[in-house]
Every structure is written in C-alpha cells, then in structure tokens.
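Undergrad: For the sequence shown, the numbering used here assigns the number 2 to the initial residue and increments by one for each residue that follows. Glycine included, every Cβ here is placed at the ideal spot set by N, Cα and C. Everything numeric in this text was worked out from a predicted model, so none of it was measured. Supplied in structure tokens, the structure appears directly below.
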Amino acid sequence: MAKRVFPLSKVYGLLEPGPVVLLTTAHKGKANIMTMSWHTMLEFEPPLVGCVVSNRDFSFDALKATRQCVLNIPTAAMAPTVVGCGNTSGRRVDKFESFGLTRVPASLVGAPLIAECYASLECRVADTRLMNRYNFFVLEVLKAWIDPACKDPCTLHHRGRGVFMVSGETIRLPSKMR
Ligand SMILES: Cc1cc2nc3c(=O)[nH]c(=O)nc-3n(C[C@H](O)[C@H](O)[C@H](O)COP(=O)(O)O)c2cc1C
2 MAKRVFPLSK VYGLLEPGPV VLLTTAHKGK ANIMTMSWHT MLEFEPPLVG
52 CVVSNRDFSF DALKATRQCV LNIPTAAMAP TVVGCGNTSG RRVDKFESFG
102 LTRVPASLVG APLIAECYAS LECRVADTRL MNRYNFFVLE VLKAWIDPAC
152 KDPCTLHHRG RGVFMVSGET IRLPSKMR
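Rendered as structure tokens:
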C-alpha cells in the first residue's frame, strides 16, 4: 500500500474503536445524555471500561460527583440523535425532551437507561487516578441489559468530524481471544 503522511490531529479517527455510546448521568435531579466515542475495554470480569469525558462537558461534573452512569449503545438508526446529543449541552437543554428519548430507571445506579438503545450498561466509577490529568475515568459495569432480538446490531463508529462507519457484515473465525 502506498502510504502518505497523515495529520496527527486526525489519528484518533483511525483508532476510534466505537461503538459510539450515549452516556447518561443524573445529578441534582437532572438526567443528562452525552455522546461518547473515546472508550476502551480494560478487563473481562468484572468488566472495566476506560473512557474520556472532557472536563468541559456538563457530564464530567455529574460523573465526578455521583460516580455513576449508564453506557447506552445506540444503533445507526439513531445517528441524528447521537450527533444531536454531542452537539448540545445538558447545561442548557433537556436532551431526553429535545430528542424524544425515553428514560427507564436503572436497578443499581441513579442514572437512567435509554429505552431506544439496544443495550445499556449500569456503571460505577472505579478509578479516578487519571481523571485530573486525562479526564479519564475507569468504569466498572455492574449490570448489563440487552435486547435479545437485536442479534447483529448495526452500530456507529466515529471517524471524526461527524463521519461514521456503520458496522456491517458479521464474520466468525476460530480465535484464542475469548
Ligand atoms: C460522535 C461524537 C463523539 C464524542 N465523543 C466524546 C468523547 O469520547 N468524550 C468527550 O468528552 N466528548 C465527546 N463528544 C462531545 C460531547 O458529546 C459534547 O461535548 C456534549 O455536548 C457534552 O454534553 P454535556 O455538556 O451535556 O455533558 C463526542 C461528540 C460526538 C458528536
């Protein structure tokens, strides 16, 4: 392959793992949603997820104060809502109202599940040691919910600046990775 130099500012779009998620929090009686694509698995069980939530986001203060959130996984059918939740702030907007999303009470955390998402992961903040330096939170998934009818979900994967890949064909190969 004939490669060319690529701008460092765009590297994140190459490694972006996805799927893009909608992170919900609830703080001081206000439930909020933010779009998030910078996350990574850290451990199988209990599942640990590292994620970057900028300290400029309203969600940062809620996550820091309550130490609880839900990671809701949307499908591509929700793409306009996903971008909308990333272009607006809960400081000014009730995103559940604005985007017509349905909140469902979680069983273990104060933040709500989003009914329209095919999976929702109730999480607690397990580690904030990298929070001040990188806005990096380690989340432990306490309870996971999934729509069993959604076998091969069509998820969104952010390549930067509003460009998304939509997951397609599923292939199955023998792999040592469980
Ligand atoms: C596709 C997409 C992915 C995003 N990923 C992240 C992310 O990983 N971390 C982050 O801090 N902000 C991310 N954002 C930006 C936040 O969603 C955005 O700043 C949002 O307005 C924050 O909402 P809040 O102020 O209600 O918390 C992303 C936005 C979009 C559109």
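With a cut-off of 8 angstroms on the beta carbons, I'd call asparagine 136 and valine 54 a contact; round off their distance for me.
TA: That belief holds up - the Cβ atoms of asparagine 136 and valine 54 are roughly 6 angstroms apart, short of 8 angstroms.
Undergrad: Measuring CB atoms only, is the segment 152–163 touching the segment 10–19, in the sense that at least three cross pairs come out at less than 8 angstroms?
TA: yes
Undergrad: Would glycine 51 and valine 164 be called neighbours here (beta carbons separated by less than 9 angstroms)?
TA: no
Undergrad: When you compare the segment 107–126 with the segment 88–96, are there three or more beta-carbon pairs, one atom per stretch, that lie closer than 8 angstroms?
TA: Fewer than three beta-carbon pairs drawn from the segment 107–126 and the segment 88–96 are found closer than 8 angstroms, and the two stretches are therefore not classed as touching.
Undergrad: Just tell me which of Asn33, Met79, Asn88 and Gly111 has its CA closest to the CA of phenylalanine 61.
TA: Residue Asn33 is the option with its Cα nearest to phenylalanine 61.
Undergrad: Of the residues Lys96, Ala78 and Val105, which one's Cα is nearest the Cα of serine 168?
TA: Ala78
Undergrad: Leaving aside the five residues before and after valine 22 along the sequence, list all residues of the same chain whose C-beta is less than 7 angstroms from its C-beta, in chain order.
TA: So the list reads Met37, His40, Leu72, Asn73 and Ile74, once near-sequence residues are dropped.
Undergrad: At what residues does the alpha helix (DSSP H) containing alanine 77 begin and finish?
TA: Where alanine 77 is concerned, there is no enclosing alpha helix (DSSP H), given that its DSSP letter is neither H nor E.
Undergrad: Could you give the DSSP three-state label for valine 84: helix, strand or coil?
TA: Helix at valine 84.
Undergrad: Looking at serine 90 and ligand 1, is the gap between the Cβ and the nearest heavy atom below 8 angstroms?
TA: yes
Undergrad: Got a sec, what are the start and stop residues for the beta strand (DSSP E) glutamate 170 sits in?
TA: Taken as a continuous stretch (DSSP letters only), glutamate 170 belongs to no beta strand (DSSP E), as it is neither H nor E.
Undergrad: Which same chain residues end up closer than 6 angstroms to isoleucine 147 when comparing Cβ atoms and leaving out the 5 residues on each side of it in sequence?
TA: Ala120
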